[in-house]
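Enquirer: Listed in order, the protein sequences are those of chains S and V. Each residue of the first sequence is one higher than the one before, counting from 506 in our numbering. Each residue of the second sequence is one higher than the one before, counting from 506 in our numbering. Glycine residues also receive a C-beta, built at the ideal position from the N, C-alpha and C atoms.
Protein chains: 2
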Amino acid sequence: MDSAVWASPKPELPCAACRTLHRKCSRDCTLALYFPAGEPEKFASVHKVFGASNVIKMLQMVDQEKREDAVKSMVYEANERLRDPVHGCTNAISYLQKCIQDLQLQLKRTREQLQEIQEHSNHLLTVLMDVPYQNPVYQL
Amino acid sequence: MDSAVWASPKPELPCAACRTLHRKCSRDCTLALYFPAGEPEKFASVHKVFGASNVIKMLQMVDQEKREDAVKSMVYEANERLRDPVHGCTNAISYLQKCIQDLQLQLKRTREQLQEIQEHSNHLLTVLMDVPYQNPVYQL
Chain S
506 MDSAVWASPK PELPCAACRT LHRKCSRDCT LALYFPAGEP EKFASVHKVF
556 GASNVIKMLQ MVDQEKREDA VKSMVYEANE RLRDPVHGCT NAISYLQKCI
606 QDLQLQLKRT REQLQEIQEH SNHLLTVLMD VPYQNPVYQL
Chain V
506 MDSAVWASPK PELPCAACRT LHRKCSRDCT LALYFPAGEP EKFASVHKVF
556 GASNVIKMLQ MVDQEKREDA VKSMVYEANE RLRDPVHGCT NAISYLQKCI
606 QDLQLQLKRT REQLQEIQEH SNHLLTVLMD VPYQNPVYQL
């Protein structure tokens, strides 16, 4: 065997998307940036839920600098859908809405308590304001 | 024209999914229940974002009685993704998380106020507890 073959660099692995789609991964592959070979589960999720062509179309709708965020949100949504095929990530939304309702209720009750104790404190202060007239200093 | 033609019932419209996919809509079409002819925008959204075959696959993963909820959540997610291709429905999640942080902060501050006014009120009460000894009734 030619020694040049031994000296040639190890070919780079195809990105996770190209590997899944059984296609050649070129150096300018637009998916390789977001779906590296070392994280195959990321592409597997979005592929199952959105389909490869929709992922590519959605990325093309987005400016280059926002594509990483778009991929992150797609991976999150896809994982949520696979975890809960009925509700997907609306499950998280319902949970957060419930937390907000609980917090609003706690805040309302705490404000009511504050109002009550404020009124009680004002009352005590009014009573105390009357007291100096009974103070021995004044009675002298 | 044969009068029987005039007397025959008007054929039912194909469901929105079959119409979009240019296929015959049979009486037992599983998509017709969730994507009626009168609401074409529902299928259009999920078709654009998930693809028809993924929608069908995801519905097949779900029990019959939960499919309506699954369709609702898919339509919601698809509409959010079309409205905001970068964040999709994670936008709503971020917004709700922000609301929770704000409410937690308000609750913390209100509890601190409550604690302060409670201490103030206790102090006033302590002062008042000492007052009766100066009361004319007791001085008699």
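1) Going by beta carbon distance, what residues of the same chain come within less than 7 Å of PRO570(S), once the five residues before and after it are set aside?
2) Please report whether the beta-carbon of ARG588(S) lies at a distance below 9 Å from any beta-carbon of chain V.
3) What residues of chain S sit near THR525(V), judged by a beta carbon separation below 8 Å?
4) So, for GLU544(V): in the same chain, excluding its five sequence neighbours on each side, which residues have a beta-carbon less than 8 Å away from its beta-carbon?
5) Roughly how many angstroms lie between the CA atoms of GLY556(V) and ILE622(V), to the nearest whole one?
6) Between ARG524(V) and the rest of its own chain, which residues show a CB-CB distance below 6 Å, the 5 nearest in sequence each way excluded?
7) Give the secondary structure of SER531(V) by DSSP, where H, G and I count as helix, E and B as strand, and everything else as coil.
8) Report the three-state DSSP secondary structure of LEU633(S) (helix, strand or coil).
9) Below 8 Å, how does it come out for the stretch 578-598 of chain V and the stretch 581-596 of chain S: are there three or more Cβ pairs, yes or no?
10) Indicate the three-state DSSP secondary structure (helix, strand or coil) for GLU517(V) in the structure shown.
11) Would you give the residue range spanned by the alpha helix (DSSP H) that ASP568(V) belongs to?
12) Return yes when the Cβ of ILE561(V) is within less than 9 Å of the Cβ of ARG608(S), no when it is not.
13) Taking HIS552(V) as part of the alpha helix (DSSP H), name the residues at either end of that continuous run.
14) Would you mind stating whether LEU629(V) and LEU619(S) have Cβ atoms separated by less than 9 Å?
15) In three-state DSSP terms, what is ASP574(S)?
16) Anything in chain S within Cβ reach of VAL551(V), meaning under 7 Å, just list it in chain order.
17) Since GLY556(S) meets chain V, which of its residues come closer than 8 Å, beta carbon to beta carbon?
18) CB-CB under 7 Å to VAL551(V), same chain, minus the five flanking residues each way: which ones, in chain order?
19) Chain S beta carbons: is any one of them nearer than 9 Å to that of CYS520(V)?
20) Which chain S residues are close to LYS571(V), counting only those with a beta carbon under 7 Å from its beta carbon?
21) Residues of the stretch 599-620 of chain S in Cβ contact with chain V at a cutoff of 8 Å, in chain order, please.
22) Taking 9 Å as the CB-CB cut-off, is MET579(S) touching chain V?
23) Just to make sure I have the definition right: I need the residues of chain V whose C-beta is within less than 8 Å of the C-beta of MET563(S). Which are they?
24) Between which residues of its own chain and LEU526(S) is the CB-CB distance below 7 Å, once the five residues before and five after are set aside?
25) Could you pull out every residue in the same chain whose Cβ sits closer than 8 Å to the Cβ of SER599(S), ignoring the five residues on either side in sequence?
26) Have a look at ALA549(S) and CYS530(S) and give me their C-alpha separation to the nearest angstrom.
27) Quick check on ASP507(S): does DSSP put it in helix, strand or coil?
Expert: Put simply:
1) The residue you asked about is not Pro; residue 570(S) is Glu in the sequence shown. Result list for GLU570(S): empty, nothing under 7 Å.
2) no
3) Those do not exist, as THR525(V) stays about 15 Å from chain S at its closest Cβ, beyond 8 Å.
4) ALA521
5) 59 Å
6) none
7) coil
8) helix
9) yes
10) coil
11) No alpha helix (DSSP H) contains ASP568(V), which DSSP labels as neither H nor E.
12) Residue 608(S) is actually Leu in this sequence, not Arg. No, the Cβ-Cβ distance between LEU608(S) and ILE561(V) is not below 9 Å.
13) 545-554
14) no
15) helix
16) Correct list: empty, because the minimum Cβ distance to chain S is about 11 Å.
17) PHE555, GLY556, SER558 and ASN559
18) VAL560, MET579, VAL580 and ALA583
19) no
20) VAL591
21) LEU601, GLN602, CYS604, ILE605, LEU608, GLN609, GLN611, LEU612, THR615, ARG616, GLN618 and LEU619
22) yes
23) VAL554, ARG586 and PRO590
24) ALA557
25) HIS592
26) 16 Å
27) Low local confidence applies: a pLDDT of 47 at ASP507(S) is under 50, so the model's placement there is unreliable, with the coordinate-based value given in what follows. Correct three-state label for ASP507(S): coil.
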